[in-house]
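Asker: Pasting a structure below so you can have a look.
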Amino acid sequence: MELEPRTRKAADREGLVGWCSFGSGRCLCVLYRSGRGRPRRIGVRSASRMEAIAEVDEPLMSPTNRRKLLSVAVLLTVNLLNYVDRFTVAGVLTEIQAYFRIDDSQAGLLQTIFIVFYMLFAPVCGYLGDRFNRKLIMGTGLSVWVIAVFTSTLVPPNHFWLFLLCRGVVGVGEASYSTVAPTLIADMFVGHRRSNSLMVFYFAIPVGSGLGYMVGSYMSMWAGAWEWGVRVTPILGLVCILLIAFLLDDPIRGNADSAFIENSSFIEDVKSLFKIPTFLLSTLGFTSVVFVTGCLSWWTPTLLEHAWAMHHGTSHVPDDVKAETSLIFGLITCFAGLVGVLIGSSLAQSWRDGFLCLKSNEHADPHVCALGALLAVPLLFLAVIFSAKYRILCWVSLLLLVIVH
């Protein structure tokens, strides 16, 4: 079986002398030579390892990689818009409460119904993404999302249940994208380029979340209606659908790793996942983190508005105070989120490699995550305590909280 020219070039530098196939898997046979040119021993390299070498050998801005980078840019843009939309509602939550005349428990139900729909449909979308056209799945999901978000802004004040249903359908649309998009990146790159591309893709979480608060609040204030704070994202969503249709590539599944893909049933996939202890523990830990961050991201602007009203002895919070609160919290989310990702990844890498005073630790990644969660506990407590009277100290506590968490 012949190798691609770029892979052959990299393999020659590694001492490759043959290509072997063992059952359903593939490997590369590598011949190591002594200084006199005689064979010393034969080793085996995996196909994915050699493809990684070839990938790094290929210039980043080659025509092939430029097309891949364009696809990553499209995926990043759509992911950014997803998170902007998710938190525009949080930025105008008090206005929505006044419009529908709902209390805090009903307002919290908006986020709950979104998560429930997202949770139910994410495994389904992931299953479909392994077997069918991923561009079609994402495009269809985004279309559903656009329609649901725009429809939610047309609901009359006496039909809160319909607004609630629309927010649930939004979760279906976002699930179809969030579960499929990372697999496209994984099939485009290997090695460090894959890691870096995924890191850039997930930068959309803090940046999009922060922009969501600002966009929702300021558009609502400028237009004089909360509906326009929510309508921005579906309008931009139409552009994203076109970007997916015309600029995004759907690579062959497993292509980057030279892997053989075998179809399996949904039940078989679930059983195999539950046999991986690392997956189970990581999922439980991440679920706990999302439980906390979900509450904070949804309720923090409202908490700070109520704290301002209590401090000033009034029940009315001016629109400019609401906008300022969302702006500052949005900026903190964007900045601290990016800084936290960079610090966390750098610390984990240094700890793993034993850099400077850090002893090498192969479990550095989960330990850094645990350390961040531990430091977040007192910072969260301080942020709540300071919110009523010491607003600046509250902002500082929130800044540090987002960085470490």
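Last residue of the sequence shown: number 405 in the UniProt record's numbering, and the count goes up by one each step with no gaps. All residues carry an ideal CB built from backbone N, CA and C; glycine is no exception. Quick caveat: nothing in here was measured; it's all calculated off a predicted structure.
Roughly how many angstroms separate the alpha carbons of Glu-227 and Asp-249, rounded to a whole number?
Answerer: Start at 1 with the first residue of the sequence shown, and residue 227 comes out as number 227. Start at 1 with the first residue of the sequence shown, and residue 249 comes out as number 249. For Glu-227 and Asp-249, the distance between alpha carbons rounds to 34 Å.
Asker: Leaving aside the five residues before and after Glu-362 along the sequence, list all residues of the same chain whose C-beta is less than 7 Å from its C-beta, in chain order.
Answerer: Walking along the sequence shown from the start, residue 362 turns up at place 362. In its chain, beyond the 5 residues on either side, Arg-352 have a beta carbon closer than 7 Å to the beta carbon of Glu-362.
Asker: With a threshold of 8 Å, are at least 3 pairs of Cβ atoms found where one atom belongs to the region 192 to 201 and the other to the region 308 to 316?
Answerer: no
Asker: DSSP three-state label for Asn-82, please.
Answerer: In the sequence shown, the residue the question calls residue 82 occupies position 82. Helix, per DSSP.
Asker: Quick one: grab the DSSP three-state call for Ala-225.
Answerer: Translated into positions along the sequence shown, residue 225 becomes position 225. Reduced to three states, the DSSP call for Ala-225 is coil.
Asker: Once you ignore the five residues that flank Met-138 on each side, which residues in its own chain have a CB closer than 7 Å to its CB?
Answerer: As a first step, residue 138 must be located in the sequence shown, where it is residue number 138. The answer, listed in chain order, is Ser-176, Tyr-177, Val-180, Ala-181 and Ile-244.
Asker: Measure the CB-CB distance between Ser-217 and Ala-323 and report whether it falls below 8 Å.
Answerer: Walking along the sequence shown from the start, residue 217 turns up at place 217. Walking along the sequence shown from the start, residue 323 turns up at place 323. In this structure, Ala-323 lies closer than 8 Å to Ser-217 by Cβ.
Asker: Tell me which residue opens and which closes the alpha helix (DSSP H) that Met-310 is part of.
Answerer: What you label residue 310 is simply residue 310 of the sequence shown in a count that begins at 1. Segment 277 to 311, the alpha helix (DSSP H) holding Met-310.
Asker: Is it a yes or a no for the region 289 to 304 touching the region 90 to 97, going by three-plus beta-carbon pairs under 8 Å?
Answerer: yes
Asker: Give every residue of the same chain whose Cβ lies closer than 7 Å to the Cβ of Lys-389, excluding the five residues on either side of it in the sequence, and list them in chain order.
Answerer: Looking up residue 389 in the sequence shown gives position 389. Correct list, in chain order: His-311.
Asker: Closest to Arg-253 by C-alpha separation, out of Asp-319, Ala-225, Phe-132 and Ala-336, would be which residue?
Answerer: Counting from 1 along the sequence shown, the entry for residue 253 is found at position 253. If we check each option's Cα against that of Arg-253, Phe-132 comes out closest.
Asker: So, are the CB atoms of Gly-354 and Val-404 less than 8 Å apart?
Answerer: In the sequence shown, counting from the first residue as 1, residue 354 sits at position 354. In the sequence shown, counting from the first residue as 1, residue 404 sits at position 404. Not in contact: Gly-354 and Val-404 (Cβ atoms no closer than 8 Å).
Asker: With a CB to CB cut of under 7 Å and the five nearest residues on each side skipped, what residues in its chain are close to Ala-336?
Answerer: By one-based count along the sequence shown, residue 336 stands at place 336. Leu-399, Val-402 and Ile-403.
Asker: What's the gap between the Cα of Ala-146 and the Cα of Met-219?
Answerer: As a first step, residue 146 must be located in the sequence shown, where it is residue number 146. As a first step, residue 219 must be located in the sequence shown, where it is residue number 219. It is worth fixing the name first, because residue 146 is Val in this sequence and not Ala. Their backbone Cα atoms lie some 18 Å apart in a straight line.
Asker: Whole angstroms are fine: how far does the CA of Phe-189 sit from the CA of Arg-66?
Answerer: For the purposes of this step, residue 66 is taken as residue 66 along the sequence shown, with counting starting at 1. For the purposes of this step, residue 189 is taken as residue 189 along the sequence shown, with counting starting at 1. One C-alpha to the other measures close to 12 Å.
Asker: Answer yes or no: do Thr-153 and Arg-101 have a C-beta to C-beta separation smaller than 8 Å?
Answerer: Numbered from its first residue, the sequence shown carries residue 153 at position 153. Numbered from its first residue, the sequence shown carries residue 101 at position 101. It is not a contact, given that the beta carbons lie outside the stated cut-off.
Asker: The alpha helix (DSSP H) that contains Asp-269, what's its start and end?
Answerer: On the sequence shown, residue 269 is found 269 positions in, with the first residue counted as 1. Element bounds for Asp-269: 266 to 273.
Asker: For Val-149 and Thr-233, which I take to be in contact (beta-carbon distance under 8 Å), what is that distance rounded to the nearest angstrom?
Answerer: As a position in the sequence shown, residue 149 is number 149, starting the count at 1. As a position in the sequence shown, residue 233 is number 233, starting the count at 1. Right, the Cβ-Cβ distance comes to about 6 Å (below 8 Å), so this counts as a contact.
Asker: Once the 5 residues before and after Trp-395 are set aside, which same chain residues still bring their CB inside 6 Å of it?
Answerer: Translated into the one-based positions of the sequence shown, residue 395 becomes position 395. In its chain, beyond the 5 residues on either side, no residue has a beta carbon closer than 6 Å to the beta carbon of Trp-395.
Asker: Exposed or buried, what is Gln-111 when buried is set at 16 or more other beta-carbons lying within 10 Å of its beta-carbon?
Answerer: Position 111 of the sequence shown holds residue 111. Looking at its Cβ environment, which holds 16 or more other Cβ atoms inside 10 Å, Gln-111 is buried.
Asker: Below 6 Å CB to CB, which residues in the same chain sit around Leu-128 once its five sequence neighbours on both sides are set aside?
Answerer: Taking the first residue of the sequence shown as position 1, residue 128 is located at position 128. Answer for Leu-128: Ile-137, listed in chain order.
Asker: Whose CA, out of Gly-191, Ser-360 and Ala-98, lies closest to the CA of Pro-157?
Answerer: Here residue 157 corresponds to residue number 157 of the sequence shown, with the count starting at 1. The shortest Cα separation from Pro-157 among Gly-191, Ser-360 and Ala-98 belongs to Ala-98.
Asker: Should Ala-204 be labelled buried (16 or more other beta-carbon atoms within 10 Å of its own) or exposed?
Answerer: Stepping through the sequence shown from its first residue, residue 204 is reached at position 204. The residue is buried, with at least 16 neighbouring Cβ atoms inside 10 Å.
Asker: Cβ of Val-172 within 8 Å of Cβ of Phe-87?
Answerer: Along the sequence shown, one-based indexing puts residue 172 at 172. Along the sequence shown, one-based indexing puts residue 87 at 87. No, they are not a contact pair.
Asker: Rounding to the nearest angstrom, what Cα-Cα distance links Leu-393 and Leu-382 in this structure?
Answerer: Start at 1 with the first residue of the sequence shown, and residue 393 comes out as number 393. Start at 1 with the first residue of the sequence shown, and residue 382 comes out as number 382. The alpha-carbon atoms of Leu-393 and Leu-382 are separated by roughly 8 Å.
Asker: Hey, could you find the ends of the alpha helix (DSSP H) Ile-115 is sitting in?
Answerer: Looking up residue 115 in the sequence shown gives position 115. First-last of the alpha helix (DSSP H) with Ile-115: 104 to 129.
Asker: Since I believe Leu-236 is in contact with Leu-81 (beta carbons under 8 Å), could you give me their beta-carbon distance rounded to a whole number of angstroms?
Answerer: Here the question's residue 81 lines up with position 81 in the sequence shown. Here the question's residue 236 lines up with position 236 in the sequence shown. Contact holds; Cβ gap of about 6 Å.
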